[in-house]
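Below: the structure, in structure tokens.
Protein chains in written order, with this note's numbering: chain D, 331 to 493; chain X, 151 to 689.
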């Protein structure tokens, strides 16, 4: 088993350099309609995907803080943020209500009901944010949230615009 | 027989990229996670039997155009204390190949699936619980171009422990009709979705189970159990309502009698679920009703395996999952033999500039649940009281750009007999969670918690201090103290480092025994003192 792990890790390092395109997965919007992740790529502007859960307090802090930062954000960098909830069927209805009741203006809530995006992105703990360029290639990712992380995230978004 | 097939699929998955040209070699992603604990002797709270435990996971996914393949390997030289014992060793717990086009997805190997809300079928992975019941088999999904129709057929054997079991197999299908797009009204503001599922389970008993059932039950457990479900959802603007009905053919059922006696019988099952959501402006609310009757659906039919991984459907607790330490001390666990209940939540944001919102706004959440067991499922049918109820209130306010507080109150009442006795264990939990930002990157978070109770272990208090240096470091210290009964401290010290998709955390301290719940499913966790190291890396 140990040999297998070593071989797989070596194999992984050869291919990690490849650009990671956002995986094609089907999500839902607040009304339950299907939204495919490929439709988030508009070939014009980068976008942010924030993976969150209703039971994750750092996730809520991160999204609250981003919502607070957005009114002061430089309009010359039109920013799209997608908050993708990993809540399962037990708490998905709460995630829908929470996304609307917490007043996340400027953030689009989506729902990964069967955890397809979670598995495709290899998310093992939340929150995890991803910045994709206008073609849907991964530019930056970060696990966890500490107050102030949003500064680094927004810095990376501007870098992505300049790419 | 499965292992040679697995090795063949693995070789194919790994060899494929090699034959592709260097310019077009596809994309490989993956993750590595390792959780290890070294247990220290503790005369007060006890010490696990084995001095250490380690759970390790490696996942790889390869994508090239419409083709994808992947695997997951797990290694438990000794599972962490409280994890299912069937996990010991190493295994290839996931292996798949898939073709995915706009209209069709064909997948062979392992996969996770949820039909509807999971009452009829759910296979999923939860590493907090040591649960991974992925199906190994195949699935074909077809969509129309406008997603008005989605049809799915699937079949496979669920994983139990580190490998799929050959004793149980499933076959099923699901049809989802989004009626308005289907009839060309894609721009309508209304949405009506009609869905249905069928799942057939085939189970072969072990010799031990056959002997046990012949001796005590006096009947033969069915080799095949059919389940079905129908679902209807309507939404318009901020309003939506969803209903689901699930039925199950006669299956093994344990009837509980007085004085802890049990009688085994064959009995059908059913479940009903209704969810209503409404949102307008910065207000939203949700209300759920759920009723269950003999809905336990296990990989192995007998009641002999208590592992949380021995499941094929999803019956989470209807109440809210608590996140603060003391609020989650005495969680409610679903009574799948027969229960009914309501759960609701209201969210409202007092916006900036309003009288109550002040300069930075204020968020309010009020939620609650009320659950009762169905009388026929209780040992004494003449005694029927409340099984569980709670009310939870959060008030979150920013006082300045630097200082934010959350006030949380949870009032809970839990019956140890699911309402088959007058006694309930009540506990009232009060939390003050405060965050102060010294600068753009340095912050301090504190939690003060108090649990008031006259039952069980009586009063508790807890505190937490966490200092963060964004975007990489944080250190924390916490203590839970049962001053009402045992006088035991459960202290913990931790440090965590993050860099892009890498996260490493080191913790030392005591963990209390009790139920560890994730997504409303629970496992028993023994008490321990130890040093833990956790590494997570995704690439």
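Built from N, CA and C at the ideal position, the CB exists for glycine as well.
Query, Result
"Should residue 428 of chain D be flagged as near chain X, meaning a C-beta pair shorter than 8 Å?", "yes"
"How far does the alpha helix (DSSP H) with residue 464 of chain D in it extend, from its first residue to its last?", "Unbroken run through residue 464 of chain D: none, as it is neither H nor E."
"Just to confirm my understanding: we take residue 297 of chain X, look at its own chain, exclude 5 residues before and 5 after, and list those with CB closer than 7 Å. What are they?", "328, 331"
"Within 8 Å of any Cβ in chain D, is that where the Cβ of residue 612 of chain X sits?", "no"
"So the candidates are X/576, X/589, X/645; which of them puts its Cα closest to the Cα of residue 607 of chain X?", "X/576"
"Look at the alpha carbon of residue 395 of chain D and the alpha carbon of residue 381 of chain D, and state the distance between them as a whole number of angstroms.", "15 Å"
"Give me the residue from X/248, X/254, X/206, X/252 with the minimum Cα distance to residue 239 of chain X.", "X/206"
"Determine the DSSP secondary structure at residue 448 of chain D, reduced to helix, strand or coil.", "helix"
"If you check the beta carbons only, do residue 528 of chain X and residue 569 of chain X fall under 8 Å apart?", "yes"
"Of the choices X/605, X/599, X/609, whose alpha-carbon is the least far from that of residue 615 of chain X?", "X/599"
"If you draw a straight line from the alpha carbon of residue 396 of chain X to that of residue 323 of chain X, how long is it in whole angstroms?", "14 Å"
"For residue 469 of chain D and residue 490 of chain D, which I take to be in contact (beta-carbon distance under 8 Å), what is that distance rounded to the nearest angstrom?", "5 Å"
"Could you compute how far the alpha carbon of residue 316 of chain X sits from the alpha carbon of residue 307 of chain X?", "6 Å"
"For the segment 412-426 of chain X and the segment 435-442 of chain X, state whether three or more C-beta atom pairs, one from each stretch, are separated by less than 8 Å.", "yes"
"What did DSSP end up calling residue 332 of chain X once you bin it into helix, strand or coil?", "helix"
"Look up residue 428 of chain D in the DSSP assignment and say whether it is helix, strand or coil.", "helix"
"Give me the residue from X/201, X/192, X/375, X/223 with the minimum Cα distance to residue 181 of chain X.", "X/223"
"Distance check for residue 525 of chain X and residue 363 of chain D, CA to CA, integer angstroms please.", "39 Å"
"Can you give me the C-alpha to C-alpha distance between residue 506 of chain X and residue 333 of chain X, rounded to a whole angstrom?", "47 Å"
"Kindly indicate if chain X contains any beta-carbon less than 8 Å away from that of residue 481 of chain D.", "yes"
"What residue from X/362, X/531, X/501, X/632 has the CA that sits closest to residue 434 of chain D's CA?", "X/501"
"Less than 8 Å between the beta carbons of residue 266 of chain X and residue 412 of chain X, yes or no?", "no"
"List the residues of chain D that residue 650 of chain X touches, going by C-beta distances under 9 Å, in chain order.", "470, 471, 472, 473"
"Near residue 196 of chain X, what residues of its chain come up, given a Cβ to Cβ distance below 6 Å and the 5 sequence neighbours on each side ignored?", "677"
"Please classify residue 370 of chain X: is it buried, with 16 or more other beta-carbons within 10 angstroms of its beta-carbon, or exposed?", "exposed"
"Can you round the beta-carbon distance between residue 560 of chain X and residue 538 of chain X to whole angstroms, since I take them to be within the 8 Å contact cut?", "Actually they are not in contact, since the Cβ atoms of residue 560 of chain X and residue 538 of chain X sit about 13 Å apart, beyond 8 Å."
"Indicate whether at least one CB of chain X lies closer than 8 Å to the CB of residue 350 of chain D.", "yes"
"Nearest CA to the CA of residue 602 of chain X: which residue from X/477, X/662, X/530, X/516?", "X/477"
"Consult DSSP for residue 248 of chain X and reduce its assignment to one of helix, strand or coil.", "strand"
"Hey, could you find the ends of the beta strand (DSSP E) residue 580 of chain X is sitting in?", "575-587"
"By Cβ distance, which residues of its chain are closer than 6 Å to residue 293 of chain X, with the 5 residues on each side in sequence left out?", "253, 300"
"Compare the C-alpha of residue 179 of chain X against each of X/219, X/188, X/336 and name the closest.", "X/219"
"Within 8 Å of any Cβ in chain D, is that where the Cβ of residue 580 of chain X sits?", "no"
"Taking the straight line between their C-alpha atoms, what separation do you get for residue 282 of chain X and residue 321 of chain X?", "18 Å"
"Mind checking residue 564 of chain X: buried by the 16 CB within 10 Å criterion, or exposed?", "buried"
"Quick check on residue 360 of chain X: does DSSP put it in helix, strand or coil?", "helix"
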